[in-house]
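Accompanying notes for the structure given below.
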Amino acid sequence: MTGCPALTEPVPPHAQEAGASVASALARVRDFIEPRLDRAVAFSADAAPRLVEAMRYAALAPGKRLRPALALWAAEACGGSLEAAAPAAIATELIHAYSLVHDDLPAMDDDDLRRGRPTCHRAFDEATAILCGDALQALAFETLARDMPAASAARACLVLARAAGAEALVGGQADDLAAERGWVADLTAAPAAEQVAWMDRINRRKTGALFLAALELGGLAAGADAARLTLLARFGRSFGQAFQIADDLLDAEGDEAAVGKRVGKDAGRGKLTFPTVEGVAAARMRAERLGAEAAAAAAELGPAAVELGRLASWIVGRRH
Ligand code: GRG
Numbered sequence: 004m005t006g007c008p009a010l011t012e013p014v015p016p017h018a019q020e021a022g023a024s025v026a027s028a029l030a031r032v033r034d035f036i037e038p039r040l041d042r043a044v045a046f047s048a049d050a051a052p053r054l055v056e057a058m059r060y061a062a063l064a065p066g067k068r069l070r071p072a073l074a075l076w077a078a079e080a081c082g083g084s085l086e087a088a089a090p091a092a093i094a095t096e097l098i099h100a101y102s103l104v105h106d107d108l109p110a111m112d113d114d115d116l117r118r119g120r121p122t123c124h125r126a127f128d129e130a131t132a133i134l135c136g137d138a139l140q141a142l143a144f145e146t147l148a149r150d151m152p153a154a155s156a157a158r159a160c161l162v163l164a165r166a167a168g169a170e171a172l173v174g175g176q177a178d179d180l181a182a183e184r185g186w187v188a189d190l191t192a193a194p195a196a197e198q199v200a201w202m203d204r205i206n207r208r209k210t211g212a213l214f215l216a217a218l219e220l221g222g223l224a225a226g227a228d229a230a231r232l233t234l235l236a237r238f239g240r241s242f243g244q245a246f247q248i249a250d251d252l253l254d255a256e257g258d259e260a261a262v263g264k265r266v267g268k269d270a271g272r273g274k275l276t277f278p279t280v281e282g283v284a285a286a287r288m289r290a291e292r293l294g295a296e297a298a299a300a301a302a303e304l305g306p307a308a309v310e311l312g313r314l315a316s317w318i319v320g321r322r323h
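This note's numbering puts the last residue of the sequence shown at 323; the count rises by one with no breaks.
Next up, the structure:
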């Protein structure tokens, strides 16, 4: 894979072209999914108005919509339609939105800025933000149960529940927190291999599991066979790790205005991330290798997986 430029270096023209192509593909995803997401967070008068306002604020905030993109492009890679994959795209984005709202709470990361706007508990209040996350999570499962075909709805709910639960998203978050708060043995002086294993385990659950679920649900919506689901999972494992390291690089080097959230947090907290443990240059090389592995898996999926491949190549050098 062509090396991605450091954030501070000028971007070469070929990388600009690749970036522009991913940016326009993601814009098409947003055009497709955002009106549907908007309808998903419209409720009857039985829903409390302040809660609905917070849910709409969190779910419709300007995000990249990477999880919808993965679900839709996985379906496309397996010969399925975007419409059939829309419930998977919406459900994974709703889980993502809830996780961000809860992650930003004072009891968690205590952040004021998300997606370039005040965090949910800042714009509303803490209790409303907690309830907003709870209701977004329930809505994700309601969406799959109602809108996936009956033959695949139960499996879809199972896939998402596992990705969102104690062994994945929430479990990864809990372990991340435990390390930060000193509830587990301090690994800062541990051998590098142990630190890498720890970070991989956190990233695989906290970040990677939901990407994998989006891909699998997109594949399921397209009626993909086991071989294609396996390839999607191979893509997703490398993509998820590459994404998280890129996110950590943005924390180390990124620009708050472009990233849309506070940066420079990890080093200040002594947090174990690839850039803090092995340095920015080595972490970038690791992310590039993982991005290339994901792109290779996309190539094996065939020409219909072109957007997945482009996204994998772009994800490491992204600036937001
Ligand atoms: C259950 C109380 C409770 C809390 C759950 C699970 C959880 C809190 C938090 C983990 C979520 C988290 C912050 C994961 C890290 C993944 C990450 C870097 C998210 C940012 O994703 P992007 O870049 O964001 O796709 P946009 O804004 O573009 O959608």
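Glycine is no exception: its CB is placed at the ideal position from the N, C-alpha and C atoms.
query: Of the residues G185, R117, D107 and A143, which one's Cα is nearest the Cα of P90?; result: A143
query: Give the range of the alpha helix (DSSP H) segment to which E291 is assigned.; result: V283 to L304
query: Thinking C-beta only, is E96 closer than 8 Å to R68?; result: yes
query: Please give the ranges of any alpha helix (DSSP H) in the segment 163-244, keeping only runs that are unbroken, at least 4 residues long and fully inside the region.; result: 172-183, 195-206 and 212-224
query: For A23, is the classification buried or exposed, using 16 other Cβ atoms within 10 angstroms of its Cβ as the cut-off for buried?; result: exposed
query: Within 10 angstroms of its Cβ, does D107 collect 16 or more other Cβ (buried), or is it exposed?; result: buried
query: Assuming the contact rule is C-beta atoms closer than 8 Å, A110 and L163 should be a hit. Round their C-beta distance to whole Å, please.; result: At roughly 24 Å, the Cβ-Cβ gap does not stay under 8 Å, so A110 and L163 are not in contact.
query: Using a Cβ-Cβ cut-off of 7 Å (strictly less than) and excluding sequence neighbours within five positions of I205, which residues of its own chain qualify?; result: G175, D178 and D179
query: Pick out whichever of S241, L54 and A297 has its Cα sitting closest to the Cα of L139.; result: L54
query: May I ask you to check if the CB of L215 is nearer than 7 Å to at least one heavy atom of the ligand GRG?; result: no
query: Classify P71 as helix, strand or coil using the three-state DSSP reduction.; result: helix
query: Check whether the segment 256-265 touches the segment 220-230, taking contact to mean three or more Cβ pairs, one atom from each stretch, closer than 8 Å.; result: no
query: Distance check for G185 and G211, CA to CA, integer angstroms please.; result: 24 Å
query: On a CA-only basis, which of V44, T233, L220 and L190 is nearest L63? Give me that one, please.; result: V44
query: Compute the distance between the beta-carbons of A74 and A88, then report whether it is under 8 Å.; result: yes
query: For the alpha helix (DSSP H) that H105 lies in, which residues bound it at each end?; result: L85 to D106
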